[in-house]
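Q:
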Amino acid sequence: MLVSEVMLQQTQVERVRPRYEAWLERWPTAASLAEAPAAAVIREWSGLGYNRRAVNLQRAAREALERFGKIPLEEGKLRSLPGVGPYTAAAVACFAGGRRTAALDTNIARVVARALLGEGRAKAPYGVELREAAEAWLPARGTRAHQLAVMDLGAMVCKASSPACEVCPLARDCAWLAAGRPESRPHVPSGKTAPFESTARFARGRIVAMLAEGSPLTVDEVAARLPEEHRAACEGYLEALARDGIVASREDRWRLAEDG
Numbered sequence: 145m146l147v148s149e150v151m152l153q154q155t156q157v158e159r160v161r162p163r164y165e166a167w168l169e170r171w172p173t174a175a176s177l178a179e180a181p182a183a184a185v186i187r188e189w190s191g192l193g194y195n196r197r198a199v200n201l202q203r204a205a206r207e208a209l210e211r212f213g214k215i216p217l218e219e220g221k222l223r224s225l226p227g228v229g230p231y232t233a234a235a236v237a238c239f240a241g242g243r244r245t246a247a248l249d250t251n252i253a254r255v256v257a258r259a260l261l262g263e264g265r266a267k268a269p270y271g272v273e274l275r276e277a278a279e280a281w282l283p284a285r286g287t288r289a290h291q292l293a294v295m296d297l298g299a300m301v302c303k304a305s306s307p308a309c310e311v312c313p314l315a316r317d318c319a320w321l322a323a324g325r326p327e328s329r330p331h332v333p334s335g336k337t338a339p340f341e342s343t344a345r346f347a348r349g350r351i352v353a354m355l356a357e358g359s360p361l362t363v364d365e366v367a368a369r370l371p372e373e374h375r376a377a378c379e380g381y382l383e384a385l386a387r388d389g390i391v392a393s394r395e396d397r398w399r400l401a402e403d404g
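All residue numbers for the sequence shown refer to this note's numbering, where the first residue is 145 and numbers rise by one.
(1) Which value, in whole angstroms, describes the spacing of the CA atoms of Cys318 and Arg187?
(2) Quick check: what's the CA-CA separation for Arg285 versus Ala323?
(3) Drop a sphere of 10 angstroms on the beta-carbon of Ala219, count the other beta-carbons inside from all chains shown, and report buried for 16 or more, exposed for fewer.
(4) I need the DSSP call for Leu282, collapsed to helix, strand or coil.
(5) Taking only three categories from DSSP, how would you classify Ala392?
(6) How is Trp398 classed by DSSP in three states: helix, strand or coil?
(7) Do the stretch 232–248 and the stretch 187–203 meet, that is, are 3 or more Cβ pairs less than 8 Å apart?
(8) When the Cα atoms are used, what is the spatial distance from Thr232 to Gly380?
(9) Could you pull the start and end residues of the alpha helix (DSSP H) that Gly380 belongs to?
(10) Return the CA-CA distance between Lys267 and Leu222, expressed in angstroms with no decimal places.
(11) Under the three-state reduction of DSSP, which class applies to Leu361: helix, strand or coil?
(12) Measure the alpha-carbon distance for Ala392 versus Leu314 and round it to whole angstroms.
(13) Could you tell me whether the stretch 365–381 touches the stretch 346–356, using the rule of 3 or more Cβ pairs below 8 Å?
(14) Tell me whether Gly358 is buried or exposed, calling it buried when 16 or more other Cβ atoms sit within 10 Å of its Cβ.
(15) Do the CB positions of Leu206 and Ala178 come within less than 8 Å of each other?
(16) Could you work out which residue in Val160, Ala376 and Ala353 is closest to Asp364 when comparing CA atoms only?
(17) Helix, strand or coil: which one does DSSP assign to Asn200?
(18) I think Val294 touches Ile252, with their Cβ atoms under 8 Å apart; what is that distance to the nearest whole Å?
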């Protein structure tokens with residue numbers, strides 16, 4: 145459960161599903177992941193983006209085994225692990241552990257904000273009022289089923305734009321609908337978004353992918369394989385990846401961390 149939640153952070157389900165199945169086939173237990181070479185973990189993750197998540201996932205497995213003997217299902221213990229934030233901890237505690245806690249993903253938060261608080265959209269980071277409303281809405285039993293139902297409702301009916309209020313089972317009691325759907329137009333950020341290929345995230349992903357091929361490379365060799373606009377910043381990208389524990393340098397050549 146922890147693996148799937150970490151993989152699904154900012155990555156689409158369609159991309160995650162085959163990688164998740166391959167991951168569990170290779171490392172079916174927390175112990176097998178904890179014992180794996182870091183470079184192998186990063187290679188297996190390559191292409192999913194945000195490679196730091198792979199490093200933190202392995203660190204979380206190692207720390208959980210050391211401190212608790214297993215991956216815990218208590219929200220507080222989960223939040224104490226590397227790379228595990230409020231949503232991931234709540235999701236694992238609820239969906240895997242059956243705990244009565246609110247896992248506020250984007251869809252659940254939107255439904256709560258509209259149906260209970262009368263707000264057009266949930267504003268991240270989610271405040272105390274929204275969290276308290278979500279937790280008060282939880283049933284005494286069947287929390288997992290309730291949360292999954294609300295999540296699906298937000299994804300398929302109470303969508304960010306063009307919500308289908310006419311078929312929504314909450315329409316009769318929805319505070320937002322009763323108020324005339326204020327702020328019903330989707331929020332559109334001002335300005336243009338830079339192409340992904342021009343971002344540092346893109347360049348760092350390319351660097352990890354080329355080092356995952358196996359051969360250590362010098363800074364100049366890495367830079368030569370990057371798009372021209374990223375070459376001057378190549379050393380900075382490598383140093384940032386090293387700080388995250390993803391790559392390492394030895395004898396002026398860069399490789400994945402703990403690789404050879």
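Ideal Cβ placement from N, Cα and C applies to all residues, glycine included.
A: Checking against the coordinates, here is how it stands:
(1) Looking at the two C-alpha atoms, the distance is approximately 47 Å.
(2) If you take the alpha carbons of Arg285 and Ala323, they lie about 31 Å apart.
(3) Here residue 219 turns out to be Glu, not Ala, going by the sequence shown. By the Cβ-count criterion, Glu219 is buried, with 16 or more other Cβ atoms from all chains shown falling within 10 Å of its own Cβ.
(4) Leu282: coil per DSSP, three-state reduction.
(5) It is a strand residue.
(6) In the structure shown, Trp398 adopts extended strand secondary structure according to DSSP, grouped into three states.
(7) The stretch 232–248 vs the stretch 187–203: no contact.
(8) Our two residues, Thr232 and Gly380, have alpha carbons roughly 30 Å apart in a direct line.
(9) Where Gly380 is concerned, the enclosing alpha helix (DSSP H) stretches over Cys378 to Arg387.
(10) Taking the straight line from one Cα to the other gives about 25 Å.
(11) Correct three-state label for Leu361: strand.
(12) Taking the Cα positions, Ala392 is about 53 Å away from Leu314.
(13) A contact is defined here as three or more CB-CB pairs under 8 Å, and the stretch 365–381 meets this definition with respect to the stretch 346–356.
(14) Burial is judged here by how many other beta carbons sit within 10 angstroms of a residue's own beta carbon; Gly358 has fewer than 16 and is exposed.
(15) Leu is not the amino acid found at residue 206; the sequence shown has Arg there. In contact: Arg206 and Ala178 (Cβ atoms closer than 8 Å).
(16) Answer by Cα proximity: Ala376.
(17) Note: Asn200 maps to helix in three-state DSSP.
(18) Rounded, the Cβ-Cβ distance is 5 Å, consistent with contact.
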